[in-house]
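Presented below is the structure to which this report refers.
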Amino acid sequence: MRITADVAIIGGGVIGLTLALELSRRNRRVCVLDRHDFGREASWAGAGMLPPGDLETAKSPFDKLRGLSHDLWPELAERLHESTGTDTGYFRCGTLLLSVTTNERKLFPAGVRAEQCSQSELQKLVPGLSQEFQSATYVPDQSQVRNPRHLKALLAACRSAGVELLPHTEVTGFETGASGQVSGLKTESDQISADQYCVTGGAWTGNLLNAVGVELPIKPIRGQIALLKLPERPFVPCIEDGSRYLVPRADGRVLVGSTQEDVGFDKSNTREAIDDLLQWAFATFPGLSAAEVEQTWAGLRPGSPDGLPFLDCIPDFENLFVAAGHFRDGLQKSPGTALLMSQLLLGEETAIPMDGYRIGRFDETGD
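Structural data, given as structure tokens:
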């Protein structure tokens, strides 16, 4: 089958699908390819936490992209619900940071509310929290969304918008010419050509770009998660302790995460890691020890050396772009990423400066 589009997106996770939807709203003909089912890697595996940001006071590239996405999330969630009828579970839940110091709180963007809570205030906020915690920081404006439901809504919205969705279509290479342009995609079955191409392949992005001689420092970082089940929701806010977290859902399920493991493309669970997560969860909120362990899984996050994504045009290929390397923040920062990449692809002024997300940023700093 021969397929033509204005933009071909390689990688059907939350970044690729949100970008496709944004481009379709701008009257671009879009196709999205994925080597498996859509959204079945890191996008599906994550916990759905959406930390707040404040674009007006943000100074770093990390905080600016977070602030931009924070501003866009409510409208995106409402639009998806209205257009598809899918309840994505998006709501403002707040989060409790158990190990943030006073000095670390000073690093929050000025517009992000953070409240120091005493032990008695903690017990009112999360009845049943371990008495071990004498104080903690409460961030009231954090939200959450249920990843599988959000992906379901994204797919439905893309279909309604006329996006060509091509699951189980692996890109094995790029057709290139002498003019500095990609002219097509190599697949086993379809012939796909577009005016522009964007690689949103998550942890697999580096492998894809190797086909055009581009070395991008993105590698998979495994995160293991356990899902607990209780008769009803035990508490409302998320609870975070460094890289570990508890995310309660409305139906009584609680996500317990997460590890950060540099083990290549291994998505298996390990007994040691899951046991460590559960021991921490039970110590933090003892009532969870009565829960059923319903499921465990692992996802591969696309890690970059500085934790920031690459949002840029590929050097020497004026119509080939990349949007990958968000590490743990792909879902959280997908609305801002989609807006910025659509602006780049259409030659528009971007909503925030892009220097912090350039491919060559490490060469420029000498790192």
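Read left to right, the sequence shown gives residues 1 to 367 (the UniProt record's numbering). Glycine included, C-beta positions come from ideal geometry on N, C-alpha and C.
Where Thr205 is concerned, the enclosing alpha helix (DSSP H) starts and stops at Thr205 to Leu209. Counting of Cβ neighbours within 10 angstroms places Phe321 among the buried residues, the total reaching 16 or more.
Here DSSP, grouped into helix, strand and coil, assigns Ala157 to helix.
Assigned with DSSP and collapsed to three states, Tyr138 falls in strand. In this structure, the CA atom of Ala156 is about 12 Å from the CA atom of Arg79.
Between Pro353 and His326, the C-beta spacing is not below 8 Å. Within its own chain, the residues whose Cβ lies closer than 7 Å to the Cβ of Thr187, once the five positions on either side in sequence are excluded, are Thr169, Glu170, Val171 and Thr172, listed in chain order. In this model, Arg113 and Ala178 are separated by some 53 Å (Cα to Cα). Counting only unbroken stretches of 4 or more residues, the alpha helix (DSSP H) elements lying wholly within the region 266-347 are 271-284 and 334-345, in sequence order. Taking a cut-off of 8 Å on C-beta distances, the region 140-151 touches the region 89-98, as three or more cross pairs fall below it. Put simply, the backbone Cα of Arg149 is about 36 Å away from that of Pro315.
Rounded to whole angstroms, the Cβ separation of Ser193 and Thr4 is 5 Å, and the two are in contact under 8 Å.
Taking C-beta separations shorter than 7 Å and ignoring five residues to either side along the sequence, the partners of Ser43 in its chain run Gly13, Val14, Asn147, Leu151, Gly330 and Leu331, following chain order. Around Tyr197, the same chain offers Ala8, Val182 and Leu320 as residues with beta carbons nearer than 6 Å, after the five sequence neighbours per side are excluded. Beta-bridge annotation (DSSP): Phe91 is paired with Gln144. Annotation: Pro74 to Thr18 spans about 14 Å, alpha carbon to alpha carbon. Residue burial is scored here from C-beta neighbours: Val236 has fewer than 16 other C-beta atoms within 10 angstroms and is therefore classed as exposed. When the five nearest sequence neighbours on each side are left out, the beta carbons in the same chain lying within less than 6 Å of the beta carbon of Pro140 are those of Gly94 and Arg113, in order along the chain. In this structure, Ala338 and Glu22 form a Cβ contact; the two beta carbons are roughly 4 Å apart against a cut-off of 8 Å. A buried status is given to Gly48, since no fewer than 16 other beta-carbon atoms sit within 10 Å of its beta-carbon.
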